[in-house]
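Chains as they are written, first to last, in the working numbering: chain A, 1137 to 1379; chain B, 1137 to 1379; chain C, 1137 to 1379.
Don't be surprised by glycine CBs; every beta carbon is placed ideally from N, CA and C.
Since this is a predicted model, take the numbers as computed values, not measurements.
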Amino acid sequence: MKVIEQKTPVVVNITNYLAMNFNANALLAIGASPIMSFYDKEMDDLMRIADALVINIGCLDDCEIAGMHAAAAAAVKYGKPWVIDPVGVGASSARTSTAVELITKYHPAIVRCNASEIMVLHGTACRTRGVDSVEPVEKARTCAREFAAQHRTVVAVSGAVDYITDGEREVEVPKGSPLMAKVTTMGCCATAVCAAFAAVMPPFEAAAAAMDVMGTAGEAAATRSRGTGSLAVNFIDELSLMP
Amino acid sequence: MKVIEQKTPVVVNITNYLAMNFNANALLAIGASPIMSFYDKEMDDLMRIADALVINIGCLDDCEIAGMHAAAAAAVKYGKPWVIDPVGVGASSARTSTAVELITKYHPAIVRCNASEIMVLHGTACRTRGVDSVEPVEKARTCAREFAAQHRTVVAVSGAVDYITDGEREVEVPKGSPLMAKVTTMGCCATAVCAAFAAVMPPFEAAAAAMDVMGTAGEAAATRSRGTGSLAVNFIDELSLMP
Amino acid sequence: MKVIEQKTPVVVNITNYLAMNFNANALLAIGASPIMSFYDKEMDDLMRIADALVINIGCLDDCEIAGMHAAAAAAVKYGKPWVIDPVGVGASSARTSTAVELITKYHPAIVRCNASEIMVLHGTACRTRGVDSVEPVEKARTCAREFAAQHRTVVAVSGAVDYITDGEREVEVPKGSPLMAKVTTMGCCATAVCAAFAAVMPPFEAAAAAMDVMGTAGEAAATRSRGTGSLAVNFIDELSLMP
Chain A
1137 MKVIEQKTPV VVNITNYLAM NFNANALLAI GASPIMSFYD KEMDDLMRIA
1187 DALVINIGCL DDCEIAGMHA AAAAAVKYGK PWVIDPVGVG ASSARTSTAV
1237 ELITKYHPAI VRCNASEIMV LHGTACRTRG VDSVEPVEKA RTCAREFAAQ
1287 HRTVVAVSGA VDYITDGERE VEVPKGSPLM AKVTTMGCCA TAVCAAFAAV
1337 MPPFEAAAAA MDVMGTAGEA AATRSRGTGS LAVNFIDELS LMP
Chain B
1137 MKVIEQKTPV VVNITNYLAM NFNANALLAI GASPIMSFYD KEMDDLMRIA
1187 DALVINIGCL DDCEIAGMHA AAAAAVKYGK PWVIDPVGVG ASSARTSTAV
1237 ELITKYHPAI VRCNASEIMV LHGTACRTRG VDSVEPVEKA RTCAREFAAQ
1287 HRTVVAVSGA VDYITDGERE VEVPKGSPLM AKVTTMGCCA TAVCAAFAAV
1337 MPPFEAAAAA MDVMGTAGEA AATRSRGTGS LAVNFIDELS LMP
Chain C
1137 MKVIEQKTPV VVNITNYLAM NFNANALLAI GASPIMSFYD KEMDDLMRIA
1187 DALVINIGCL DDCEIAGMHA AAAAAVKYGK PWVIDPVGVG ASSARTSTAV
1237 ELITKYHPAI VRCNASEIMV LHGTACRTRG VDSVEPVEKA RTCAREFAAQ
1287 HRTVVAVSGA VDYITDGERE VEVPKGSPLM AKVTTMGCCA TAVCAAFAAV
1337 MPPFEAAAAA MDVMGTAGEA AATRSRGTGS LAVNFIDELS LMP
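The structure is reproduced here in structure tokens:
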């Protein structure tokens, strides 16, 4: 994509192990330059050369958490935008405390999540079941608006219709395919794409553009795919062919 | 698959890093809800909401081993079935001691392995070579039956003809394709599918059903595939299309 | 491939998390037997049965670094060839010190890298940007020759035209496709293939043969691929079909 390729932003990703390959391929496909790492001792070096940061809490351990804090602190220090994906927040107290602490302490530019996750972050009772959302995206919109306003961030909630808000403005992206939820780390990928866009435009516009790209590519890929295996492959193809 | 989708079981996977993405996609394709994690501090929380657990020793380190013990203990505590994949047991003393200790201490519902691995677990001399089996599945059947009876578990041995036994009953699954052994983590995937089935039916029936699903999907995928790259993709497609 | 299959070499891979699945599939496709691990406590056991070793510094942490040292020491002890991929060396001081220390201490048979990386290792000023090279491969040739001669190793520099040298001899491989750089861990895969060949022939010949295989498979795959997602799949297909 020209808008990304013109800058070829370096995007540092602290992400879960499932998402690493798929998300790196997605970032390469749209013209960004991904670095996947979680080593706390190199985060200051990496964030100095990086244009944006992804922190995804999908697979936690003590080393990863240390890397997340080092990276977020360096992003703040060097003025680079960062995006958090609070995967499965609410499923364990470790996930909840890690996500809340990172958001409160380092102020992400974008929170990219599903309906259940924003409700947990907001403090609204909701039904969580593992890492997949069981709440309709509509019910989460109030939570997203309030959370965005309170934390001065942008919240992008994925669902049948994606919803992006900065607490005042809001935009809907009614694209994509229900099959996308059957491809693992598709949500994580949306987060990585948000970060690539946040490197070249303001956070609200970046999140809206990223969710639009995800939905457009997913929709086109779904029409070409026999099942969910080929959907993952065709999705990367579609990203790599976007003008 | 309807039998899985009706419950959409949450399957927690402590698995090797290679297998995470492929196995999560396989679990989503059959209608389960996968969580991939190995963080000891969240295992009690996760196993409380989980319906089954996979422990795969393919990539060990001290953190993973701690997570495995925490998860297996929580599975026992909450009465959730768990399945072990003793990848490459015998290739190093670390693998052997980890597998033996987990099985002896926490009594898995199913041991899913290859011919060499069950012979190592059983204590029979065999030729191991890295993580790929060099023993014909037939030679391992006696070991499997004896091990299953002794440990009151189900053993599912994959091979040209898969073999499942609980020490008394036994079933053969003569499906699949030799090309499946050329796709990495295909065996790990069988283990994950066993766990999904163990969440909705008893262990012996679950292992037999899982190996049948693997063989059926693999066979269908092989007829559509040019090589081993497309086989992996088509395999997930086939899983996602099963009625 | 017959030349690999005849021995079915066991290749131990300490590699980054992105590369694990793709590289294991590549090794299986050409007829090698991959083990992916980074556990320091099993490296002596594994290297005793292994035929070659890959060390790839793409995702560092303290555990991985300990595993790298244990593995390289065991490779030296048992006389097994090992190949290093100094991913992103220069992007952080942790990467630079890890790569330099491993090379200096344990003398790899092959250094497989891109143009920027060999210039960093050689000590020549160059423009690094994340983990992707921004130097034309031609500028790096002098560095590669000098580094190979000084360290008595083989250097294989990938680029539009791959370049392999042992300090005296040199060979060019003008194959491949520019799209290969858009598939993540394609370079890591070249390193793994180098190791498989190094298990069955001398390092210089092995590196030349490996880069030729990579270029041939990549070129054939590119002609069949719609985008970069299918390129990754078709690439493994092509490897698995090589005579």
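Under a three-way DSSP split, which group does residue 1189/B fall into?
Correct three-state label for residue 1189/B: strand.
Could you name the residues of the same chain whose beta carbon sits closer than 7 Å to that of residue 1320/B, not counting the 5 residues immediately before and after it, in chain order?
1154
Any C-beta of chain B sitting closer than 9 Å to the C-beta of residue 1279/C?
no
Going by alpha carbons, who is nearest to residue 1361/B out of 1374/C, 1172/C and 1199/C?
1374/C
Report the residue ranges of all alpha helix (DSSP H) runs contained in full by the region 1282–1351 of chain C; include only those spanning at least 4 residues, in chain order.
1322–1334
Do residue 1276/C and residue 1254/C count as a contact pair if the criterion is CB distance below 9 Å?
yes
I want to verify the contact list: residues of chain C whose CB lies under 9 Å from the CB of residue 1371/A, in sequence order.
The contacting residues are 1365.
Can you check DSSP and say which residues form a bridge with residue 1229/C?
Paired residues: none, contrary to the question.
Out of curiosity, what's the CA-to-CA distance linking residue 1281/B and residue 1288/B?
10 Å
Measure from the C-beta of residue 1375/C to each C-beta in chain B and report whether the shortest distance is under 9 Å.
It does: the Cβ of residue 1375/C has a partner Cβ on chain B nearer than 9 Å.
Taking the alpha carbon of residue 1223/B as the point to measure from, which residue in 1235/B, 1163/B, 1339/B and 1215/B has its own alpha carbon closest?
1235/B
Considering Cα atoms alone, identify which of 1185/A, 1227/A and 1178/A is closest to residue 1205/A.
1178/A
Which whole runs of the alpha helix (DSSP H) in the region 1140–1219 of chain C are 4 residues long or more, in chain order?
1155–1166, 1179–1185 and 1198–1214
So what's residue 1223/A in DSSP terms, helix, strand or just coil?
coil
Looking at C-alpha atoms only, which residue of 1351/B, 1349/B and 1338/B is the closest neighbour of residue 1219/B?
When each option's Cα is compared against that of residue 1219/B, the closest is 1338/B.
State the start and end residues of the unbroken alpha helix (DSSP H) segment that holds residue 1368/C.
1364–1377
Give me, in chain order, the residues of the same chain whose beta-carbon lies closer than 8 Å to that of residue 1232/B; leave out the 5 immediate sequence neighbours on both sides.
Closer than 8 Å at Cβ, skipping near neighbours: 1225, 1226 and 1256.
If the cut is a Cβ gap below 8 Å, which residues of chain C does residue 1319/B touch?
1161 and 1164
Pull up the distance between the alpha-carbon of residue 1194/B and that of residue 1278/A, whole angstroms please.
44 Å
Got a sec, what are the start and stop residues for the alpha helix (DSSP H) residue 1245/B sits in?
Neither: residue 1245/B is in no alpha helix (DSSP H) and is coded neither H nor E.
Could you tell me how far apart the beta carbons of residue 1169/A and residue 1369/B are, in whole angstroms, since I believe they sit closer than 8 Å?
Wrong, their Cβ atoms sit about 26 Å apart, outside the cutoff.
Compare the Cα-Cα distances from residue 1327/C to each of 1157/C, 1189/C, 1138/C and 1146/C and report the closest residue.
1189/C
Under 8 Å: do the region 1157–1175 of chain C and the region 1303–1311 of chain C share three or more Cβ pairs, one atom per stretch?
no
Verify the CB distance criterion: does residue 1209/C have a CB-CB separation below 9 Å to chain A?
False, the Cβ-Cβ gap to chain A never drops below 9 Å.
Using a Cβ-Cβ distance under 9 Å, would residue 1153/A count as near chain B?
yes
When the distance is taken between beta carbons, is residue 1344/B closer than 9 Å to residue 1292/B?
yes
Using only alpha-carbon positions, find the residue among 1184/C, 1239/C, 1329/C and 1192/C that is nearest to residue 1213/C.
Each of 1184/C, 1239/C, 1329/C and 1192/C was checked against the Cα of residue 1213/C, and the nearest Cα belongs to 1184/C.
For residue 1354/C, which of helix, strand or coil comes out of DSSP?
helix
If we ignore side chains and look at the alpha-carbon of each, how far apart do residue 1298/B and residue 1246/B end up?
14 Å
Would residue 1174/B pass as an interface residue toward chain A - the criterion being a Cβ-Cβ separation below 9 Å?
Yes, its Cβ sits closer than 9 Å to a Cβ of chain A.
Put residue 1278/B into one of helix, strand or coil per three-state DSSP.
Residue state, collapsed to three classes: helix.
Which of the three DSSP states, helix, strand or coil, is assigned to residue 1361/C?
Correct three-state label for residue 1361/C: coil.
Say whether chain E places a C-beta atom closer than 9 Å to the C-beta of residue 1198/A.
Of the chains in the structure shown, none is chain E; the protein chains are A, B and C.
At least one CB of chain B closer than 9 Å to the CB of residue 1235/A: is that the case?
no
Just to make sure I have the definition right: I need the residues of chain B whose C-beta is within less than 8 Å of the C-beta of residue 1231/A. Which are they?
At a beta-carbon threshold of 8 Å, the residues of chain B lying near residue 1231/A are 1178, ordered along the chain.
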